[in-house]
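Encoded as structure tokens, the structure appears first; notes follow it.
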Amino acid sequence: MHENNTKNKHPRAPHDLSLPATLFLKPIIHGRFEQISEKILMTDRLRREAVDYEKKLWRNYKP
């Protein structure tokens with residue numbers, strides 16, 4: 021009988037801190053992902069610009 025009572029209980033007990041911790045950490049994690057994505061986009065843009073400059077240099081190169 022004891023097993024049946026535990027199966028019907030809600031999985032989160034009132035003392036469970038996982039939900040408040042999740043709500044607290046969500047904006048922090050979101051901010052970190054935003055920073056990471058901005059750095060990736062900036063790095064990608066700079067690499068493309070470097071490739072464009074390299075192409076221009078090679079076009080104007082005369083040995």
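Per my numbering, the sequence shown starts with residue 21, numbered consecutively.
Ideal Cβ placement from N, Cα and C applies to all residues, glycine included.
Across the structure, R79 and I60 are spaced so that their CA atoms are roughly 29 Å apart.
Taking C-alpha positions only, H50 is separated from P83 by approximately 52 Å. Taking the CA atoms as reference points, R65 sits about 12 Å from Y73.
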